[in-house]
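Below is one structure, written out as structure tokens, with a few remarks after it.
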Ligand code: 13P
Ligand code: SF4
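What follows is the structure, encoded as structure tokens:
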């Protein structure tokens, strides 16, 4: 399909600033103001190309504000994006997130073209375990079902009985209907889940390289110095979670802020999250312990534009792996139907 919209036909700066005045005002408190005029031509080119291609752009909560607010049609946590991919009408989906998120979209919408702007956008949890490791664990614990976190490769998902995200891990584990479950690969999320249920978990030693860096001392410092409420992602260490007023997925954190409306909050999670939420909660002051995910940061306006222009990089998954992974992901979505996101 011929595409005739790109940066070779840029629009005048005042025309862009007029059309995107509302977006520029939204971005102003979130990104350095000098960057906004540099972002607008890319945002405009992506939005035009997106319309021409009939594409949908999905962005995880950890994407930078110019992507999250500027070009995304659907935003959310990994559960929300997986659900959206399963329900999406568009033939072309661009996932602004990490590789396992794009794979989940492809698994749930196999007939669609799913693009990721940078194939190297990985995840330390996903790379902590292989399909072979899962088979070895099953051999060591015969008869135990395997629940895998969404932050795994398609090959690992295909070896699993069910997938979960941080938003529904307890419900999925309990839905297996047994006393003991193998839970992979995030040790800290596993320990958090174990504290919320009577089901016993066999854990793996995977860690999120971003969340494992937070310390209980940093959390206490945010509370004591800034009188801030503490909201943490369950990929943090147990002693950090013990300090938190609320523990939840990226979407659940936003829902908690809406309910509680704290004057000050420290989000103990990837730091773009606070930038993205700040636009929604102007009367809350965000204290940012700033750990960025280097994998999420690989996605830029420039490579989103290139992905749409050149239809790259399409996610391909061998048919057998896709079938197995889809069965496990659909089991999660079944559980999710009766649970809040
Ligand atoms: P969510 O499931 O909360 O979106 O988290 C995904 C993730 O990668 C967190 O580090
Ligand atoms: Fe993976 Fe951690 Fe990055 Fe999330 S923040 S994508 S778990 S490395």
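In my numbering, the protein residues as written are -14 to 326.
Virtual Cβ for every residue (Gly too), placed ideally from N, Cα, C.
TODO: To the nearest angstrom, report how far apart residue 70 and residue 89 are at their CA atoms.
DONE: Here the question's residue 70 lines up with position 85 in the chain shown. Here the question's residue 89 lines up with position 104 in the chain shown. Between residue 70 and residue 89, the C-alpha separation is close to 8 Å.
- [ ] Please find out if some non-hydrogen atom of the ligand 13P comes closer than 8 Å to the beta-carbon of residue 195.
- [x] Residue 195 sits at position 210 when you count from the first residue of the chain shown. Residue 195 Cβ: within cutoff of the ligand 13P.
TODO: Return yes when the Cβ of residue 280 is within less than 9 Å of the Cβ of residue 107, no when it is not.
DONE: Here residue 107 refers to the residue found at position 122 when the chain shown is read from its first residue. Here residue 280 refers to the residue found at position 295 when the chain shown is read from its first residue. Yes; because the gap between Cβ atoms is below 9 Å, this pair is in contact.
TODO: Could you tell me the distance, in whole angstroms, from the CA atom of residue 2 to the CA atom of residue 29?
DONE: Taking the first residue of the chain shown as 1, we reach residue 2 at position 17. Taking the first residue of the chain shown as 1, we reach residue 29 at position 44. Approximately 10 Å, taken between the alpha carbons.
- [ ] Name all residues in chain order for which at least one heavy atom of the ligand 13P lies closer than 5 Å to the residue's CB.
- [x] 62, 63, 150, 151, 234 and 235
Open item on the list: Let me check understanding here. Comparing Cα to Cα, which of 315, 50, 254 and 26 lies closest to residue 195?
Closed with: For this step, residue 195 is matched to residue 210 along the chain shown. It is 254 whose Cα lies nearest to the Cα of residue 195.
- [ ] With a threshold of 16 other CB atoms inside 10 Å of the CB of residue 18, please say whether the residue is buried or exposed.
- [x] Taking the first residue of the chain shown as position 1, residue 18 is located at position 33. So residue 18 counts as exposed.
TODO: Starting from residue 287, follow the alpha helix (DSSP H) in both directions and report where the run begins and ends.
DONE: By 1-based counting over the chain shown, the position of residue 287 is 302. First-last of the alpha helix (DSSP H) with residue 287: 286 to 295.
- [ ] Run the proximity test for residue 330: is its beta-carbon closer than 8 Å to any non-hydrogen atom belonging to the ligand SF4?
- [x] Outside the modelled stretch of the chain, which goes from -14 to 326, sits residue 330, for which no answer is possible.
Open item on the list: Which runs of the beta strand (DSSP E) at least 3 residues long sit entirely within the stretch 96 to 162? Give them in chain order.
Closed with: 98 to 100, 131 to 134 and 147 to 149
Task: Cβ-Cβ distance between residue 316 and residue 148 below 9 Å - done: Counting from 1 along the chain shown, the entry for residue 316 is found at position 331. Counting from 1 along the chain shown, the entry for residue 148 is found at position 163. In contact: residue 316 and residue 148 (Cβ atoms closer than 9 Å).
- [ ] Let me know the secondary structure DSSP gives residue 230 once reduced to three states.
- [x] Residue 230 sits at position 245 when you count from the first residue of the chain shown. Three-state DSSP puts residue 230 in coil, outside helix and strand.
Open item on the list: Within 10 Å of its beta-carbon, does residue 319 have 16 or more other beta-carbons around it, so buried, or fewer, so exposed?
Closed with: On the chain shown, residue 319 is found 334 positions in, with the first residue counted as 1. By the neighbour-count criterion, in which 16 or more other beta carbons inside 10 Å mark a residue as buried, residue 319 falls on the exposed side.
Task: Reduced DSSP secondary structure (H/G/I, E/B, other) of residue 326 - done: Position 341 of the chain shown, counted from the start, is the residue given in the question as residue 326. Low confidence applies to residue 326: its pLDDT is 40, below 50, so where it sits in the model is not reliable enough to give any reading.
Open item on the list: Quick check on this structure: which residue in 48, 114 and 216 has the alpha carbon closest to the alpha carbon of residue 237?
Closed with: Taking the first residue of the chain shown as 1, we reach residue 237 at position 252. Answer by Cα proximity: 216.
Open item on the list: Here's the rule: buried if 16 or more other CB atoms are within 10 angstroms of the residue's CB, otherwise exposed. What is residue 172?
Closed with: Position 187 of the chain shown, counting from 1, holds the residue named residue 172. That one is buried.
Task: DSSP bridge partner residues for residue 44 (one or two, in chain order) - done: Within the chain shown, residue 44 is the residue found at index 59, counting from 1. DSSP output for residue 44 lists 60 and 81 as bridge partner(s).
TODO: Please state whether DSSP places residue 4 in a helix, a strand or coil.
DONE: If you number the chain shown from 1, residue 4 lands on position 19. It is helical.
- [ ] Give me the Cα-Cα distance between residue 59 and residue 233, rounded to the nearest whole angstrom.
- [x] By 1-based counting over the chain shown, the position of residue 59 is 74. By 1-based counting over the chain shown, the position of residue 233 is 248. Rounded to whole angstroms, residue 59 to residue 233 spans 20 Å at the Cα level.
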